[in-house]
Amino acid sequence: MQLYTHPLSPASQRVRLVLAEKGVDWERRDVDLPNKENLEPWYLELNSLGMLPTLVDNERALNESSVICEYLEDAYPQPSLRPDDFGDRATMRWWMSVVDDRLHYASGALVWPALMRPALLEKSRKERELLLSRIPDHARRARHRRWVEHGVDNPDFGQAVLVYTDTVRDMDRALAEAKWLAGDGFSLADCALLPYIQAMHQMGWEGLYGSSPRVVDWFERGRSRPSYQAEITDQIPAALLARFSVVGEEFKDLVLQTARNAA
């Protein structure tokens with residue numbers, strides 16, 4: 002079993018959490034995202050959208066992190082990351098859909114213009130357009146063009162802050178009723194959400210969730226798990242964390258003021 006991944010990809014991180022929680026043997030195949038290896042023909046044969054991660058098992062390539070996580074749960078049912086109670090199981094899938102439909106794009110809209118745009122601006126307009134034109138998904142290509150053109154002034158940035166504030170509000174309500182997001186057991190829902198709170202944490206934007214003690218406590222409990230330490234904490238070099246801190250500080254006031262305006 003091989004996982005095509007990148008240390009900083011939240012979607013990849015959630016799959017790696019599941020693999021670690023289940024103690025499954027797998028081979029790491031890191032894809033060079035900064036240099037757009039995910040858009041090379043060999044990778045597009047595995048994943049037509051050029052997205053991470055991709056899991057290859059028994060010569061079958063599986064895409065989309067939620068699909069991969071459910072596949073792993075079916076293939077390796079113990080230890081279970083799916084609640085026994087059908088209601089909690091539905092809640093688990095609801096949280097996974099929140100990530101797939103809203104939070105994944107919100108995370109990109111916040112971090113990408115701040116962190117990735119400067120390197121693209123160093124290229125000529127022709128080089129940038131050539132690179133962006135290789136993105137297979139037209140909607141994603143259009144988003145990236147907006148982010149390059151307008152940076153944090155693009156409309157997606159403010160909307161992404163609102164997605165985070167709404168998500169944290171809903172997380173707070175859920176955690177008032179149970180230890181974890183989908184009941185009293187750690188589940189695929191927690192694996193799905195943890196990387197996206199981590200993305201804000203590493204940028205120094207804890208203010209997006211820090212007003213909820215329950216969410217802070219959930220995040221700290223999740224971070225203390227061996228799976229998190231091995232597949233997220235230990236995978237981020239200190240030099241990168243330092244860079245995140247510098248870039249995050251530059252945009253921190255804008256992020257938090259947007260969140261306050263939404264309150």
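FYI, the numbering used here numbers position 42 of the sequence shown as 43, with every residue one higher than the one before it. Ideal Cβ placement from N, Cα and C applies to all residues, glycine included.
Bridge-paired residues (DSSP) for residue i
| i | result |
| --- | --- |
| N64 | T55 |
| Q3 | E28, V57 |
| G184 | W181 |
Minimum C-alpha distance to residue i - residue among the options
| i | options | result |
| --- | --- | --- |
| W113 | G184, D86, R141 | R141 |
| A21 | L116, Y197, L111, L73 | L73 |
| P84 | M204, E250, D191 | D191 |
| L1 | Q79, I136, Q203 | This structure cannot settle anything about residue 1, because the visible part of the chain is limited to 2 through 264. |
| L82 | E207, R174, D185 | D185 |
| G24 | A231, A263, E128, L182 | A231 |
| W219 | K253, R174, E41, V248 | R174 |
| D26 | S125, P78, M2, E71 | M2 |
| L131 | N262, K37, L242, S246 | K37 |
| N64 | D75, S13, M93, L40 | S13 |
| V164 | H145, Y210, K124, V16 | Y210 |
| A1 | F87, P42, T92, E41 | The structure shown does not extend to residue 1, since the chain is modelled only from 2 through 264, so no value can be given for it. |
| L182 | E71, D89, L40 | D89 |
| L116 | Q258, V247, N262, A264 | V247 |
| V99 | T234, L257, Y197, R226 | Y197 |
| R94 | Y77, P78, V68 | V68 |
| G249 | S212, W206, S213, N262 | W206 |
Inter-residue CB distance, residue i and residue j (contact presumed, cutoff 8 Å)
| i | j | result |
| --- | --- | --- |
| S66 | A200 | Contact doesn't hold; Cβ gap of about 14 Å is too wide. |
| Y5 | P54 | 6 Å |
| L195 | G223 | 5 Å |
| L50 | P137 | 6 Å |
| S228 | L18 | 5 Å |
| P11 | H105 | 7 Å |
| V149 | R135 | Their Cβ separation, rounded to whole angstroms, is 14 Å, which puts V149 and R135 out of contact at 8 Å. |
| A260 | G208 | 7 Å |
| R147 | D157 | 6 Å |
| R144 | C70 | About 24 Å separates the two Cβ atoms, so there is no contact after all. |
| M172 | V216 | 5 Å |
Check: Should the segment 238 to 247 be called in touch with the segment 15 to 30, which here means at least 3 C-beta pairs below 8 Å?
Finding: no
Notebook entry, point to check: If you pair each beta-carbon of the segment 161 to 171 with each one of the segment 32 to 46, do three or more pairs fall below 8 Å?
Noted result: no
Check: Just checking, does the segment 144 to 161 make contact with the segment 58 to 65 on the three C-beta pairs under 8 Å criterion?
Finding: no
Margin query: Ignoring anything shorter than 3 residues, give me the beta strand (DSSP E) runs that lie fully in the segment 69 to 103, in order along the chain.
Written below: none
Item checked: alpha helix (DSSP H) runs contained entirely in the segment 169 to 234, provided each spans 4 or more residues -> 189 to 203, 214 to 224, 227 to 232
Notebook entry, point to check: What alpha helix (DSSP H) runs, 4 residues minimum, are completely inside the segment 137 to 172?
Noted result: For the segment 137 to 172, whole alpha helix (DSSP H) runs of length 4 or above, ordered along the chain, are 139 to 151.
Item checked: Contiguous alpha helix (DSSP H) assignments of at least 4 residues, all confined to the segment 101 to 135 -> 105 to 116, 118 to 122, 126 to 133
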